[in-house]
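Heads up, the sequence shown stops at 556 in our numbering, and the numbers go up one at a time, no gaps.
Don't be surprised by glycine CBs; every beta carbon is placed ideally from N, CA and C.
From a predicted model like this one, the values you see are computed outputs, not experimental measurements.
Working notes, beginning with the structure itself.
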Amino acid sequence: MHKLKGWVSLEQCPRLMDFFPLLGLFSCSFLIGCTSKQPPLEKTFRIAWENIPRTPDPRYSVDADSQYLGDFIHCSLFSYGPLGEIKYQLASAVHWTDPKTVEITIQSGFRFSNGKGVTASDVQANFEYLRGDPADPTPMKSNFKDVAQIEVLAPNKVRFRLSKTNGEFLNFLSVGILPREQASGPRIGDPKQVIGCGHFGIDEWTVDHIQLKRKVENSKSDVDYIRIEIVKDETTRLLKLRNSELDLVQNSTNRDQLTKITEYPHLRLMKRPGLNTTYLAFQYADPTLKVKKVRRAIAHAIDRQKIIDHLLQSWAIPAATILTPTDLYYNKTLKQVEFNPAISKKLLDEAGFPMRGQNKKEPRFSLKLKTTAPRILLAHAIADDLSKVGIALEVESSDWGKFKGDVDQGSAQLWTLNWIGFRGPDIYRFAFSTDSTPPNGANRGRVSNSKLDTLLDQGHQEVDFQKRKAIYDQIQEFVQEEVPYVFLWHEEQYAILNKRVKNYEPYVDGRLISIENVKFSSEESSNH
């Protein structure tokens, strides 16, 4: 059974509204006091993130940091293991009564931070909300458009009736659960008001750090507190790690720094293959980029292997699709787009964009690529490659909030991002379906193709694996031909840890949930 621990106040009220650009989401009323007592080091796991999570509300958690945070403060019907395998969490049994109807039994013992047990009524309210109000669509609305009815059969049993068969449906149910009164209400902006059913609760939330406090006892762990420092500068993160002020930095360091970890005897490096894909995306509404030959030319102009070797220290493999090669739906017949500047130049000429100027040395046209600080070197490497085929690329770097807003609103021509931790081929529908344009999904490039939409709907509904695999093979081939993205590479997951940390396991999707089971050595490892 879950045993609840107390809550303490949050801090640093005056600075919060300066940090959050979305007025009204947060208020100063919940920040009481401006001092906090440091928890004991022997009970605290310390980690640094580049960005503060966008929201603690699981209904709106689409960025990786919010989802990583949600693993600690929320429970969900289903979760995922270290290798990305689906597993039961809040659910204890699943029964498909027919291909469109599933009944899920909820296990006892899960409680919200207010002491109330989690019931089928809470689950119903959460997914009713996620189906979306036309006046206030949720980012996950497209995942639940096939849900016709959600019924409470018993205090611990809920039934989902679908209008169409859906081969991905159980994966969509890995969303944090709020109590009914919150799940039916507006978006939660005040972190202190979030009532979660996870093993930790929010203890403090400031512009500089988030502190979580364990509310569910675990005899196998020494971690009662998780302190997330918001450290935007990579050099500062590494310095804090080297000075034993942090226990973990994961996937947020340039690869050339990783070769130096052996110089610090109190640190160790862990890595494993990951579920992520780095890509360059195009805005279809742009008059230049809507020309397919231009997109294909850009794809042929980028030397992926050179960038992997020099910027990533070979810690990645070139990508041909969104899906990683270990995915069951990966199309093994596809080849990566060839790096060939000659083909690129030919395509640009054919598209009606010759070199300009009296000596034919002026750029064919100019574009702007938007990015954030961690990807600035990648952006400049792409700009250098494109300059060699006659495309002038301006690089604009901004903070995550502005960048994400520009991309979602369709005001970016090109941008680089990373799909992290996705599972299953339905990621293609989320990224490229006409119905998935923000705020209803992640089709940020405004791709709209009736043939692709038909294939995506067929793949989404098919439940037979072999038939479904054949459909997604076609989808991957079609997307490679259409080029809404340039798929760049799949990176390995890596973690740099203080050696006092025991039992930590990196997950293939980058999640940090194994912190829950960490043990600390009797003496803190130090570089002094």
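Checklist entry - Thinking C-beta only, is Q341 closer than 8 Å to Q441? => result The residue given as residue 441 occupies position 413 in the sequence shown. The residue given as residue 341 occupies position 313 in the sequence shown. Against a cut-off of 8 Å, the Cβ pair of Q341 and Q441 comes out as no contact.
Item to check | Of the residues F458, K299 and P207, the one placed nearest P110, counting alpha carbons only | outcome: By 1-based counting over the sequence shown, the position of residue 110 is 82. Closest in C-alpha terms to P110, from the list F458, K299 and P207, comes K299.
Checklist entry - When you compare each of V491, K248 and Q502 to T482 by their alpha carbons, which one comes out closest? => result Mapped onto the sequence shown, residue 482 falls at position 454. Closest by alpha carbon: Q502.
Checklist entry - If you pair each beta-carbon of the segment 260 to 272 with each one of the segment 494 to 512, do three or more pairs fall below 8 Å? => result no
Next on the checklist: Please list the terminal residues of the continuous alpha helix (DSSP H) segment that includes E273.
Outcome noted: Stepping through the sequence shown from its first residue, residue 273 is reached at position 245. Counting along the chain, E273 falls outside any alpha helix (DSSP H), and DSSP gives it neither H nor E.
Next on the checklist: Threshold first: 3 residues or longer. Then list the beta strand (DSSP E) segments lying entirely within the segment 327 to 402, N to C.
Outcome noted: 344 to 346 and 393 to 399
Checklist entry - Any idea what DSSP makes of V151, helix, strand or coil? => result For this step, residue 151 is matched to residue 123 along the sequence shown. Three-state result, V151: helix.
Item to check | Member of D91, L69, P67 and F73 whose CA lies at the smallest distance from the CA of F450 | outcome: Residue numbering aside, residue 450 sits at position 422 when the sequence shown is read from its first letter. The shortest Cα separation from F450 among D91, L69, P67 and F73 belongs to D91.
Checklist entry - When the Cα of N419 is compared with those of T125, D436, P382 and L240, which residue comes out closest? => result For the purposes of this step, residue 419 is taken as the residue at position 391 of the sequence shown. Sequence check: residue 419 is Ile here, not Asn. Taking only the C-alpha atoms, the option nearest I419 is P382.
Item to check | Helix, strand or coil at I60 according to DSSP, with G and I counted as helix | outcome: Within the sequence shown, numbered from 1, the residue matching residue 60 stands at position 32. Note that I60 scores a pLDDT of 33, beneath 50, so its modelled location is shaky and nothing firm can be said.
Checklist entry - Expressed to the nearest angstrom, what Euclidean distance is found between the alpha-carbon atoms of Q152 and D164? => result Looking up residue 152 in the sequence shown gives position 124. Looking up residue 164 in the sequence shown gives position 136. The straight-line gap from Cα to Cα measures roughly 18 Å.
Item to check | Backbone secondary structure at T264 - three-state DSSP | outcome: The count along the sequence shown starts at 1 and reaches residue 264 at position 236. T264: helix per DSSP, three-state reduction.
Checklist entry - Between T399, S280, A379 and Y253, which lies nearest to V319 when the distance is taken from Cα to Cα? => result Numbered from its first residue, the sequence shown carries residue 319 at position 291. When only C-alpha atoms are compared, the closest one is A379.
Checklist entry - Assuming S120 and I134 make a contact with CB atoms under 8 Å, what is their CB distance in whole Å? => result Translated into positions along the sequence shown, residue 120 becomes position 92. Translated into positions along the sequence shown, residue 134 becomes position 106. Yes, S120 and I134 are in contact; Cβ-Cβ is about 7 Å, under 8 Å.
Item to check | Identified DSSP bridge partners for F228 | outcome: By one-based count along the sequence shown, residue 228 stands at place 200. F228 pairs with R242.
Item to check | Per DSSP, the bridge partner or partners of Y108 | outcome: Mapped onto the sequence shown, residue 108 falls at position 80. DSSP, once it has assigned bridges, lists I114 as partnering Y108.
Checklist entry - Taking just the CA atoms, how far does V507 sit from Q364? => result What you label residue 364 is simply residue 336 of the sequence shown in a count that begins at 1. What you label residue 507 is simply residue 479 of the sequence shown in a count that begins at 1. Roughly 12 Å between the two C-alpha positions.
Item to check | Helix, strand or coil at D412 according to DSSP, with G and I counted as helix | outcome: The residue labelled residue 412 in the question sits at position 384 within the sequence shown. Helix at D412.
Checklist entry - With C-beta atoms as the reference, is P114 less than 8 Å away from L240? => result For the purposes of this step, residue 114 is taken as the residue at position 86 of the sequence shown. For the purposes of this step, residue 240 is taken as the residue at position 212 of the sequence shown. Note that residue 114 corresponds to Ile in the displayed sequence, not to Pro. No, the pair does not count as a contact, with Cβ atoms beyond the cut-off.
Item to check | Sequence-distant residues of its chain with Cβ nearer than 8 Å to K71 (five each side left out) | outcome: Along the sequence shown, one-based indexing puts residue 71 at 43. Excluding sequence positions up to five before and after K71, its CB lies within less than 8 Å of the CB of D250, V251, D252 and Y253, all in the same chain and listed in chain order.
Checklist entry - With a CB to CB cut of under 6 Å and the five nearest residues on each side skipped, what residues in its chain are close to R187? => result In the sequence shown, counting from the first residue as 1, residue 187 sits at position 159. So the qualifying residues of the chain are E131, E179 and L181.
Item to check | From Y88, D355 and A176, residue whose alpha carbon lies closest to that of R215 | outcome: Position 187 of the sequence shown, counting from 1, holds the residue named residue 215. Closest option to R215, Cα to Cα, is Y88.
Checklist entry - Would you report the Cα separation of Q494 and F515, rounded to the nearest angstrom? => result Sequence index remark: in the sequence shown, residue 494 carries index 466 (1-based). Sequence index remark: in the sequence shown, residue 515 carries index 487 (1-based). Their backbone Cα atoms lie some 25 Å apart in a straight line.
Checklist entry - Hey, would you say P84 sits closer than 8 Å to V222, going by beta carbons? => result Along the sequence shown, read from residue 1 onward, the residue named residue 84 stands at position 56. Along the sequence shown, read from residue 1 onward, the residue named residue 222 stands at position 194. Yes, the Cβ-Cβ distance between P84 and V222 is below 8 Å.
Item to check | Selection from S394, I410 and W343 that minimises the alpha carbon distance to P369 | outcome: Working through the sequence shown from its first residue, we reach residue 369 at position 341. Closest by alpha carbon: I410.
Next on the checklist: In this structure, how does DSSP classify D164 when only helix, strand and coil are distinguished?
Outcome noted: Within the sequence shown, the letter at position 136 stands for residue 164. Of the three classes helix, strand and coil, the one that applies to D164 here is strand, per DSSP.
Next on the checklist: Report the CB separation of Y108 from D537 in whole angstroms; it is logged as a contact under 8 Å.
Outcome noted: Stepping through the sequence shown from its first residue, residue 108 is reached at position 80. Stepping through the sequence shown from its first residue, residue 537 is reached at position 509. Yes, they are in contact, since the Cβ atoms of Y108 and D537 sit about 7 Å apart, within 8 Å.
Checklist entry - Counting along the chain, where does the beta strand (DSSP E) carrying N446 start and finish? => result Indexing the sequence shown from 1 puts residue 446 at position 418. From DSSP, the beta strand (DSSP E) with N446 extends over L442 to I448.
Checklist entry - Closest by CA to E509, which one among E544, K65, A348 and I404? => result Residue mapping note: residue 509 aligns to position 481 of the sequence shown, counting from 1. E509 has its Cα closest to that of A348, out of E544, K65, A348 and I404.
Next on the checklist: Taking the beta carbon of E422 as the centre, do at least 16 other beta carbons fall within 10 Å, making it buried, or is it exposed?
Outcome noted: Within the sequence shown, residue 422 is the residue found at index 394, counting from 1. Exposed, since its Cβ has fewer than 16 Cβ neighbours within 10 Å.
Checklist entry - How about the segment 200 to 207 and the segment 137 to 146: do they share at least three Cβ pairs that are nearer than 8 Å? => result yes
Item to check | Cβ shell of V435 (< 6 Å), same chain only, five flanking positions each side left out | outcome: In the sequence shown, residue 435 corresponds to position 407, counting from 1. Once the five neighbours on either side are set aside, the close Cβ partners of V435 are W443 and R472.
Next on the checklist: Looking at the strands, I want to know which residues DSSP matches up with L308.
Outcome noted: Here residue 308 refers to the residue found at position 280 of the sequence shown. DSSP lists T444 and V514 as partners of L308.
Next on the checklist: Which same chain residues end up closer than 6 Å to D275 when comparing Cβ atoms and leaving out the 5 residues on each side of it in sequence?
Outcome noted: If you number the sequence shown from 1, residue 275 lands on position 247. If we look at D275 and ignore the five residues flanking it on each side, its Cβ neighbours are F73, R74, N526 and V529.
Item to check | Entirely enclosed alpha helix (DSSP H) segments - the segment 488 to 536, minimum 4 residues | outcome: Fully enclosed alpha helix (DSSP H) runs of no fewer than 4 residues occupy 493 to 510 of the segment 488 to 536, in order along the chain.
Checklist entry - When the Cα atoms are used, what is the spatial distance from Q285 to V546? => result Taking the first residue of the sequence shown as position 1, residue 285 is located at position 257. Taking the first residue of the sequence shown as position 1, residue 546 is located at position 518. Rounded to the nearest angstrom, the two C-alpha atoms are 25 Å apart.
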